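Visitor: Quick one: this structure, given as structure tokens, is what I'll be asking you about.
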Amino acid sequence: MTEYKAFRVELADKIAHVQINRPEKLNAMNADFWKEIIDIFQWADETDEVRVVVLSGAGKHFSAGIDLALLAQAASHLGKDVGRNARALRKTILQLQGSFNAVDRCSKPVLAAIQGYCIGGGIDLISACDMRYCSADAQFSIKEIDMGMAADVGTLQRLPRLIGDGIMRELAYTGRNVNAEEAQRIGLVNSVYADHAALFDGVMELARQIAAKSPIAIRGTKEMIGYARDHRVEDGLEYIATWNAAMLQSADLQAAMMAHMSKKTPEFAD
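Residue 9 in the UniProt record's numbering sits at position 9 of the sequence shown, and the numbers go up by one each step.
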């Protein structure tokens, strides 16, 4: 397994545990973070043994968002020409967006386990995951508004599809904190666990359930959900018809049916 500076990655029982590993910095997202997350999720996408990904943060907090030192570094490179500054900044923003696009586009389900602070870039990151779960001490905030900027790496594009447009606008305009109870009520997280240990155990159990399913069926289901998000209903129906014309010929379908009839647990190849 590759060693990373900003992450710890483990693979066991078909589950890739990807942990942001800068607890002394509240898991703030430095330059290493933005580069490594692309490599990690490309690896998860391409590795057949990986059936599901659990994303977490080491220590007391999930993530305090982008490392302010990284922002200061970007500002220090700006010159006097507005046009050239704009070109450089746009390039940087698109590169950062690419880091979370890698999470969104991963063909394996990604489950976020969130404790403590999840603010700024942390919201952008979890918005790119399939499901989100948190402990009772979790706090969420679209903090960019308090920094005099608009969130620019995914929150404003993905979050309305998760919690609704109106509440997203309220959080984005005010930057106020959302506790775990409200996060569940508005649909930002699926479930709230009493503490960090219960959170990790609960999310890993869900990951094991997903990992036991047909990887062909999981792949198709995630593909169709993502496609439906960005297309008309009619387009989605046409796509699933074409997709399943091939995928229904998989050996997984027969294995699942035989196991169901014999009341046994099916086993699927990677």
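For every residue, glycine included, the Cβ atom is placed at its ideal position computed from N, Cα and C.
Treat the numbers as computed from the prediction; the structure is a model and nothing was measured.
Taking the alpha helix (DSSP H) that L11 falls in, what are its first and last residues?
Guide: Counting along the chain, L11 falls outside any alpha helix (DSSP H), though it belongs to the beta strand (DSSP E) covering 7 to 12.
Visitor: Give me the residue from I20, L171, G65 with the minimum Cα distance to G59.
Guide: I20
Visitor: Taking all protein chains shown into account, do 16 or more other C-beta atoms lie within 10 angstroms of the C-beta of T242, making it buried, or fewer, making it exposed?
Guide: exposed
Visitor: Name the residue from Q42, L71, N244, G122 whose alpha carbon lies nearest to the alpha carbon of S63.
Guide: Measuring from the Cα of S63, the nearest candidate turns out to be G122.
Visitor: Kindly indicate which residue of A212, V103, A75 has the alpha-carbon position closest to the one of R90.
Guide: A75
Visitor: For G202 and I225, what's the separation of their Cα atoms in angstroms?
Guide: 24 Å
Visitor: Whole angstroms is fine: what's the gap from L206's alpha carbon to H231's?
Guide: 29 Å
Visitor: Would you kindly report the start and end of the unbroken beta strand (DSSP E) that includes V52?
Guide: 52 to 57
Visitor: Can you check the stretch 137 to 225 for any beta strand (DSSP E) of at least 3 residues that lies completely inside it and give the ranges in chain order?
Guide: 139 to 141, 191 to 193
Visitor: Just to confirm, is the Cβ distance from A194 to A136 under 8 Å?
Guide: Inclusion of A194 and A136 in the CB contact set at 8 Å is warranted, their separation being smaller than that value.
Visitor: Need the endpoints of the alpha helix (DSSP H) that R132 sits in, please.
Guide: Segment 131 to 135 is the beta strand (DSSP E) holding R132; no alpha helix (DSSP H) there.
Visitor: In chain order, what residues of the same chain have a beta carbon less than 7 Å from the beta carbon of K143, not counting five sequence neighbours either side?
Guide: G65, I119, G120, G175
Visitor: My assumption, with CB atoms under 8 Å, is that H196 sits in contact with Q115. Please give the rounded CB distance.
Guide: Taking the Cβ atoms as the reference, H196 lies roughly 5 Å from Q115, within the contact range of under 8 Å.
Visitor: Mind checking whether A180 and A138 have CB atoms under 8 Å apart?
Guide: yes
Visitor: Looking at the secondary structure, which residues open and close the beta strand (DSSP E) in which I66 lies?
Guide: Counting along the chain, I66 sits inside no beta strand (DSSP E), nor does DSSP assign it H or E at all.
Visitor: Is V103 closer than 8 Å to L71 when the C-beta atoms are compared?
Guide: no
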